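*Asks:* Chains B and W, in that order, give the protein sequences.
Per our numbering, the first sequence starts with residue 115, numbered consecutively.
Per our numbering, the second sequence starts with residue 906, numbered consecutively.
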Amino acid sequence: MNLFFDLAGYEFKKILCRKRTVITLTLVVLIGALSVFGTIIGNYYYTDENGNEITVSRYDEEMIDRRYGEELSGRVIDADLIMEAVEAYRQVPLNGDRHYADTEEYRNNARKYSQIYHIARRTFNLNGVEDFQNLTREQAEQFDKIRRENREYVIENSKISENMRAYWQKCLDGSPKTLTYEESGGYYRFVTIMYTTAMMAGAAIAIIISGIFSEEYTNGADSLILSSKHGKGLVIGAKLFAAFVISAVLIILLTAINYVEAMMIWGTGGADAQLVLMGNIFPYKITIGQSALLYSICALAACLLFAAITAMLSAMLKAPFNTIVIMAILLIVPMFINVPDEAPIWVLTLNNLLPTNMMAFWGAMYEYQYEIFGLIIPPYVFIPVFAAAASCACVYFAYRAFKKHQIS
Amino acid sequence: MLDILKFELYKIVKRKRFLFSPIIILGTIIILLSAALSSAYSYDGNGNHVFGYKAIKYEKARAEKISGELTPEKVADVIELYNIVASDTDNLTEYDTIKDSVYNSELYPYQKIIRCVAVAYTQTGQPDYRIINTLTYDDGLDFYNRRDKQVIDTLNMDYSYGNYSDEEKNVILKFNENVSEPYVLGYTLGWESLIEYAFPFFVILTFVALINVSSVFSNEFQRGTAQVILSSKHGRSKIFTAKIISVFLISTLMFAVFVGIYVLTFAAVYGLGGSGASIQSLILLSVYDLTLGEAFFTAVIIAYAAFIFVIFLTLTISVVCKSNFTSVLLALALYFIPIFLNYSKSSKLFNYIVDLFPIKALNAFEMFKQYKLYGFSDTLVRQPYFVMALMPILAVILTVAAKNIYSRLSYD
């Protein structure tokens, strides 16, 4: 065992001491650390009543929204709260030259309720502020009923199997009848920024690991390794171990940095809040905090799958050049191909299993589940399991390819 | 020289990666066509949803109802029809909106005109279909004036990153005056699909070409053949020229063949009737006097200019880097990273520069939606034509720079 770790240590050194690795890791960690701050750097502009352009820092604006959100935290979204928001919005003039969000009436009174407005807008299918101003108490009292009806409409009209329909209904029946508002800006920012971070980590992993086997071919070191006294298996194992550890450490480090920064800026509130507060997504019976954790696991699994694919290609192809090209295709191409919502469910769910799509929060919390032998598996469970299985297959093929490699 | 050129061409063509290129690009075309078909939808005469290939048939039939010139009278007729439908309480939901089934059977055939009305008569940038309830037949007759007013309002709006200057406004309004009226409508689903999926197609086509040329020079260093080439009797200049010409020929051929296949594939499925429809039938506020066919082919030329720039940028990188891996990595980074650049909310200059990155320029049809002008006060050029001219110039500059670097290289 000691020998294995000696070899692994040597592989770590080989990977980490490369100029390419140092530059890539430095850049990725630096960009990853700064990306959260990037969202609060800069200014917002609005026009005051005299037509003057007012500049306010984005950070201050975010903090105002956070404070307003925290003031509403813990309140049930019911007719009283909705009408309180409607009353505040009714003071906002809509016919002036300025955008409604620039007016003092909005900034001083209605803005506090902007999150309630957005939730009501989605629920009541409102076209804009004018519709919200015209909302009556009778309509507001129907809030929970309409929320449920909207979901039931989706359940009835979606082209899904009866099994999945029953699962959706069960989730709906099990979800709380009322919705309590919780400020969850920290978690929202964390899951949003993590997508880019995970993509960056994927690219870095491809660059760092692409030469793990193939560089031995190009350097001619394969002839030594394949005939060494340690045996091929141990060396291959050490290489794969080093690749996975480096990949895992990188994504965990970036996740931790993003999490800490997001929580520092936008607060840790909302961990116990209902997931539906994140948007009009499927009512999984998990909280926002749990969803962030499950999503982080999906992102980690996706990055490890990325590492496994890179290692496999590195063992199969004779030059790191070819590996990096294929990994670039895997990373970039899915970004340009939008599968339309009208596509069959199997296409939509399969699309979510592309490594880059696994890295997205919407992918982990997707409303279509995986149905295998009648069993309905939520994506946040299926994605890590699939990634683990696919990674094992890649490791096997990498092992086989390098072991059977013939020196010409 | 011809022999060296032939040899360089042969070297590129015989590579495995070149042989794989058609598979990747044809695969992309199939995926894009499948995506386009699976999102195609229409409604039959009873207002029922129809999807895929069947939808194309209905869209063609629907287009016949509105094909031809979009006269103000035609707009006014549609407004009148809309109001007749909306005034019948049997057609309304409990929220006083038109029932989906009624809308789809009675009004959906005129959807294109209804969209134009919504854009022309509501607050700039926020089309609201409910405005049609408040319009009369006479309002419809004023359609072109209202549309022009929207263009003026867009130019006069306050933008956080900087407003249009008076010179810019004058130039844009002059172009707007030259737009032919009345606009022509027709069956445009084929062109819409071609345009919608052109960007991912061009991105992948350029990516594949980039991979093929990324090691043209660096491979000589990696394999050690540079030692021989740099001291050969033909001289560096001849070899450099042969490499550049062969890359130019191969990449141009790739572009022409695959764009041809892309267009023909979509044409075979959708049909390309309606090429004479005005660009305003898709982008009402566009100030370009082009038909959809002309706009698409202009976009193809812009994409080709950006494509060639990427190819020559990659060649320059290949001269500088002495390993294939570094060369392709750097080229890919320079090609793809600008797509992650977001527009600034405070700097107009930054936004204008961002639009000049080749990957942004590949999304050429987007330029027809915008009013961007490049240049100085007395010579302002519209964005598509500026990009079309700039990219080849930059490619030539890069080639000269690459030649200088190549002629001074020494082999370690």
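Glycine is no exception: its CB is placed at the ideal position from the N, C-alpha and C atoms.
These figures come from a predicted structure and were not determined experimentally.
Between the stretch 176 to 183 of chain B and the stretch 221 to 235 of chain B, do at least 3 Cβ pairs fall closer than 8 Å?
*Replies:* The answer is yes - the stretch 221 to 235 of chain B touches the stretch 176 to 183 of chain B, with three or more Cβ pairs under 8 Å.
*Asks:* Since Gly1045 (chain W) and Pro977 (chain W) are thought to touch, with beta carbons under 8 Å apart, how far apart are those beta carbons, to the nearest angstrom?
*Replies:* Rounded, the Cβ-Cβ distance is 6 Å, consistent with contact.
*Asks:* Please decide whether Ser972 (chain W) counts as near chain B, where near means a Cβ-Cβ distance under 8 Å.
*Replies:* No, its Cβ sits nowhere closer than 8 Å to a Cβ of chain B.
*Asks:* Can you grab the Cα-Cα spacing for the pair Ile490 (chain B) / Glu481 (chain B), in whole Å?
*Replies:* Their Cα atoms are separated by approximately 12 Å.
*Asks:* If you compare alpha carbons, which of W:Glu1271, W:Val1305 and W:Phe1241 is closest to Pro1289 (chain W)?
*Replies:* Of W:Glu1271, W:Val1305 and W:Phe1241, the residue nearest in Cα terms is W:Glu1271.
*Asks:* Any Cβ of chain W within less than 8 Å of the Cβ of Gly403 (chain B)?
*Replies:* Closer than 8 Å: no.
*Asks:* So who's on the other strand from His954 (chain W), going by DSSP bridges?
*Replies:* Answer by DSSP bridge pairing, in chain order: W:Tyr948.
*Asks:* Taking C-alpha atoms, which residue in B:Gly477, B:Ala503 and B:Met441 lies nearest to Val453 (chain B)?
*Replies:* Out of B:Gly477, B:Ala503 and B:Met441, B:Gly477 has the C-alpha closest to the C-alpha of Val453 (chain B).
*Asks:* Secondary structure at Arg1287 (chain W), three-state DSSP: helix, strand or coil?
*Replies:* Arg1287 (chain W) falls in the strand class under three-state DSSP.
*Asks:* Counting contacts by CB-CB distance shorter than 8 Å, is Tyr227 (chain B) in contact with chain W?
*Replies:* Chain W contact via Cβ: absent.
*Asks:* Along the stretch 136 to 164 of chain B, what residues have a CB closer than 7 Å to any CB found in chain W?
*Replies:* Result list: Gly156, Asn157, Tyr159 and Thr161.
*Asks:* Show which residues of chain W have a CB atom less than 8 Å away from the CB atom of Ala362 (chain B).
*Replies:* The contacting residues do not exist; Ala362 (chain B) stays about 23 Å from chain W at best.
*Asks:* Between which two residues does the beta strand (DSSP E) containing Phe1281 (chain W) stretch?
*Replies:* Residues Leu1278 to Phe1281.
*Asks:* Does the stretch 297 to 312 of chain B touch the stretch 378 to 396 of chain B, meaning 3 or more C-beta pairs lie closer than 8 Å?
*Replies:* They touch, by the three-pair rule.
*Asks:* State yes or no: is the beta carbon of Lys1250 (chain W) nearer than 8 Å to at least one beta carbon in chain B?
*Replies:* For Lys1250 (chain W), the answer is yes, since a Cβ of chain B falls inside 8 Å of its Cβ.
*Asks:* For Ile936 (chain W), return the contacting residues in chain B, with the cut-off set at a CB-CB distance below 7 Å.
*Replies:* Within 7 Å Cβ-Cβ: Ile451.
*Asks:* Compile a chain-ordered list of the residues in the stretch 452 to 463 of chain B whose CB is closer than 7 Å to at least one CB of chain W.
*Replies:* If the cut-off is 7 Å between Cβ atoms, the stretch 452 to 463 of chain B has Asn452, Val453, Pro454, Glu456 and Ala457 near chain W.
*Asks:* Using a beta-carbon distance below 8 Å, is Pro434 (chain B) in contact with chain W?
*Replies:* Chain W, which has a Cβ nearer than 8 Å to the Cβ of Pro434 (chain B), makes this yes.
*Asks:* Would you say Asn241 (chain B) reaches chain W, if we count a Cβ-Cβ gap shorter than 8 Å as a contact?
*Replies:* Chain W, which has a Cβ nearer than 8 Å to the Cβ of Asn241 (chain B), makes this yes.
*Asks:* Below 8 Å between beta carbons: does that hold for Ala147 (chain B) and Ile196 (chain B)?
*Replies:* No.
*Asks:* Just to confirm my understanding: we take Ile1244 (chain W), look at its own chain, exclude 5 residues before and 5 after, and list those with CB closer than 7 Å. What are they?
*Replies:* Answer for Ile1244 (chain W): Ile1264, listed in chain order.
*Asks:* With DSSP collapsed to three states, give me the class of Ser1251 (chain W).
*Replies:* DSSP places Ser1251 (chain W) in coil when its eight states are reduced to three.
*Asks:* Please list the partners that Ile1109 (chain W) has in chain D, where partner means a Cβ-to-Cβ separation under 8 Å.
*Replies:* Among the protein chains in the structure shown, which are B and W, there is no chain D.
*Asks:* In whole angstroms, give me the CA-to-CA distance for Asp949 (chain W) and Tyr1276 (chain W).
*Replies:* Between Asp949 (chain W) and Tyr1276 (chain W), the C-alpha separation is close to 38 Å.
*Asks:* So the beta strand (DSSP E) Thr161 (chain B) belongs to, where does it begin and stop?
*Replies:* That run of the beta strand (DSSP E) goes Asn157 to Thr161.
*Asks:* Taking the alpha-carbon positions, what's the Ser1251 (chain W) to Arg514 (chain B) distance?
*Replies:* Answer to the nearest angstrom: the Cα atoms are 55 Å apart.
*Asks:* Any idea what DSSP makes of Ser187 (chain B), helix, strand or coil?
*Replies:* Three-state DSSP puts Ser187 (chain B) in coil, outside helix and strand.
*Asks:* Kindly indicate which three-state DSSP category Thr1196 (chain W) falls into: helix, strand or coil?
*Replies:* Three-state result, Thr1196 (chain W): strand.
*Asks:* If we count the other Cβ atoms within 10 Å of its Cβ and call it buried at 16 or more, is Thr311 (chain B) buried or exposed?
*Replies:* Buried, by the Cβ-count rule.
*Asks:* Thinking C-beta only, is Gln247 (chain B) closer than 8 Å to Val200 (chain B)?
*Replies:* In contact: Val200 (chain B) and Gln247 (chain B) (Cβ atoms closer than 8 Å).
*Asks:* With 8 Å set as the bound, which would you pick, yes or no: does the beta-carbon of Ile1264 (chain W) sit closer than that to a beta-carbon of chain B?
*Replies:* Chain B contact via Cβ: absent.
*Asks:* Could you spell out the range, first to last residue, of the beta strand (DSSP E) harbouring Glu167 (chain B)?
*Replies:* Taken as a continuous stretch (DSSP letters only), the beta strand (DSSP E) holding Glu167 (chain B) covers Glu167 to Ser171.
*Asks:* Skipping 5 residues on each side, what residues in its chain have a beta carbon closer than 7 Å to that of Ser275 (chain B)?
*Replies:* Correct list, in chain order: Glu485.
*Asks:* Give a yes or no on whether the minimum CB-CB distance between Tyr1318 (chain W) and chain B is below 8 Å.
*Replies:* The question about residue 1318 (chain W) has no answer here: the residues shown for chain W are numbered 906 through 1317.
*Asks:* Under DSSP, the beta strand (DSSP E) around Glu485 (chain B) begins and ends at which residues?
*Replies:* Here the beta strand (DSSP E) through Glu485 (chain B) covers Tyr484 to Ile486.
*Asks:* Applying a beta-carbon distance threshold of less than 7 Å, which residues of chain W neighbour Val439 (chain B)?
*Replies:* Simply Ile1116 and Val1233.
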